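Asks: Under the numbering used here, the residue at position 121 of the sequence shown is numbered 126, and the numbers go up by one with no gaps. We put the beta carbon where it would ideally sit given N, CA and C, even for glycine. The structure presented is a predicted model; accordingly, all values stated were derived computationally and were not measured.
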Amino acid sequence: MHLAYPAVLSALLFSTGLYGVLARRNAILVLMSVELMLNAVNLNLVAFDVWLSKTAEETLHSGQALTLFTITIAAAEIGIGLAIVLAVHRNRGTADIDKLRDTAEGHETDGPDEAAATADQADPAGQTEKAEATA
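1. Taking 8 Å as the cut-off, does the stretch 81–88 touch the stretch 29–43 (at least 3 CB pairs, one atom from each stretch)?
2. Can you tell me the Cα-Cα spacing of ILE33 and ALA100, whole angstroms?
3. Specify, as a first and last residue, the run of the alpha helix (DSSP H) that THR77 falls within.
4. According to the Cβ coordinates, are ALA45 and GLY22 closer than 8 Å?
5. Once you ignore the five residues that flank LEU49 on each side, which residues in its own chain have a CB closer than 6 Å to its CB?
6. Within a Cβ cutoff of 8 Å, which residues of the same chain sit near ALA140, ignoring the five residues on either side of it in sequence?
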């Protein structure tokens, strides 16, 4: 088998993953796209390992060893990344990256803090608290 076939397939997989990272707004879909990119790299590592082992007299299989390390790192990354996404979704109520970026920059538009700030602006002197204290 020629080296071009897995290299073209790997380039297509990596391009699809890159598009998913850049175009998606859901954090889980972004993590899936990163996994797709890592699998494209694994395909390249194994393909080049097979190609180089045919030309070299010694077979070290370093590409396959690096693929095992990449799979291990990818499993740890998806575990930690998914835990972070679930914790953020539990706290913020959304996994939309654009909305999370807005809240991190301080441009929160529809959160519970804004409702409290609006209530304070409607009653700046705190007349409700004074009325309850005198009653």
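Replies: If we stick to the structure as given:
1. yes
2. 8 Å
3. 67–97
4. yes
5. As written in the sequence, residue 49 is Asn, which differs from the Leu given in the question. Correct list, in chain order: SER15.
6. For ALA140, the pLDDT reaches just 48, beneath the cut-off of 50, and the residue's location in the model is therefore unreliable, leaving the point undetermined.
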